[in-house]
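For reference, the structure discussed in these notes is given below.
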Amino acid sequence: GAVVSQHPSRVICKSGTSVKIECRSLDFQATTMFWYRQFPKQSLMLMATSNEGSKATYEQGVEKDKFLINHASLTLSTLTVTSAHPEDSSFYICSARRDRSEAFFGQGTRLTVV
Amino acid sequence: AQSVTQPDIHITVSEGASLELRCNYSYGATPYLFWYVQSPGQGLQLLLKYFSGDTLVQGIKGFEAEFKRSQSSFNLRKPSVHWSDAAEYFCAVGPNRDDKIIFGKGTRLHILP
Chain U
1 GAVVSQHPSR VICKSGTSVK IECRSLDFQA TTMFWYRQFP KQSLMLMATS NEGSKATYEQ
61 GVEKDKFLIN HASLTLSTLT VTSAHPEDSS FYICSARRDR SEAFFGQGTR LTVV
Chain Y
1 AQSVTQPDIH ITVSEGASLE LRCNYSYGAT PYLFWYVQSP GQGLQLLLKY FSGDTLVQGI
61 KGFEAEFKRS QSSFNLRKPS VHWSDAAEYF CAVGPNRDDK IIFGKGTRLH ILP
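Order-wise, the sequence lines are chains U and Y.
Residue numbering for the first sequence follows my numbering, beginning at 1 and increasing consecutively.
Residue numbering for the second sequence follows my numbering, beginning at 1 and increasing consecutively.
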């Protein structure tokens, strides 16, 4: 199957700082990437959909100025959590779609804001 | 509206016993259906998927699922579970016309030795 690499797997940052998470499709071109947030023992909550070369589409209730998404190429999307606060601590997962039939998921990033 | 329901939040089975995880969906057209597994602190791994054709789908790790249109179900089964199968399992449907995959809330599988 296709491989999606997410980096870093864990990150700890101080309140008020920004942190960037990368999502790369290693062996295919992904026209669409998705960013999810997962709270403990919960399902995945879709945050935004990003298409290469265009602005991301955010789900209702997700602050686009706090969660900046850039999809600069067909193999890379980034999520930047700006001015992070402890309530932003969560598990973030990206997925990349090769075609309409299947999405491949990264291994997730555990963000802890202290 | 499209939705996925996993009625069981937790399931506990003994090692070696058979397993069935339930999934019901609501979707306007013939859906694409998926089962994913998530180990603690990890991303999601695709177990199997159904698009069309044979309604009994074989996946990895000995899992299978059966699509039943009349019941709007896509239950996941395994004849004999192993301790390493303990994880969270998510059923999903999509993509919808907004190109999104909709996930169920997940079922956590516990294995008794």
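The beta carbon of each residue, even a glycine, is placed where N, CA and C say it ideally should be.
**Prompt:** Excluding sequence positions up to five away, which residues of its chain have a Cβ less than 8 Å from the Cβ of I21/U?
**Reply:** The answer, listed in chain order, is Q6, H7, P8, V11, T78, L79, T80, V81, Y92, C94, T109, L111.
**Request:** Would you give the residue range spanned by the beta strand (DSSP E) that D99/U belongs to?
**Result:** Boundaries of the beta strand (DSSP E) harbouring D99/U: 90-99, taken from the DSSP string.
**Asked** Are P79/Y and S18/Y closer than 8 Å when you measure CB to CB?
**Response** Contact flag set, yes.
**Asked** At least one CB of chain Y closer than 8 Å to the CB of P93/U: is that the case?
**Response** The displayed chain sequence assigns Ile, not Pro, to residue 93/U. Yes, its Cβ sits closer than 8 Å to a Cβ of chain Y.
**Request:** Taking only the alpha-carbon atoms, compute the straight-line gap between R108/Y and L76/Y and give it to the nearest angstrom.
**Result:** Rounded to the nearest angstrom, the two C-alpha atoms are 13 Å apart.
**Message:** Can you list, in chain order, the residues of its chain with a C-beta nearer than 6 Å to that of V3/U? Leave out the 5 residues immediately preceding and following it.
**Reply:** Once the five neighbours on either side are set aside, the close Cβ partners of V3/U are L26, D27.
**Asked** Taking only beta-carbon atoms, is F105/U less than 8 Å away from chain Y?
**Response** F105/U belongs to the set of residues whose beta carbon lies under 8 Å from a beta carbon in chain Y.
**Beta-carbon contacts of W83/Y that lie in its chain and below 6 Å, excluding the five residues immediately before and after** = Excluding sequence neighbours, W83/Y sits near E15, I111.
**Message:** Relative to the C-alpha of A92/Y, which candidate in L56/Y, S70/Y, K105/Y has its C-alpha closest?
**Reply:** Out of L56/Y, S70/Y, K105/Y, K105/Y has the C-alpha closest to the C-alpha of A92/Y.
**Message:** Comparing C-alpha positions only, which one of V113/U, T32/U, M45/U sits nearest to S83/U?
**Reply:** If we check each option's Cα against that of S83/U, V113/U comes out closest.
**Strand pairing of S25/U, partner residues [DSSP]** = In the DSSP output, where bridge partners are listed per residue, S25/U has V4/U.
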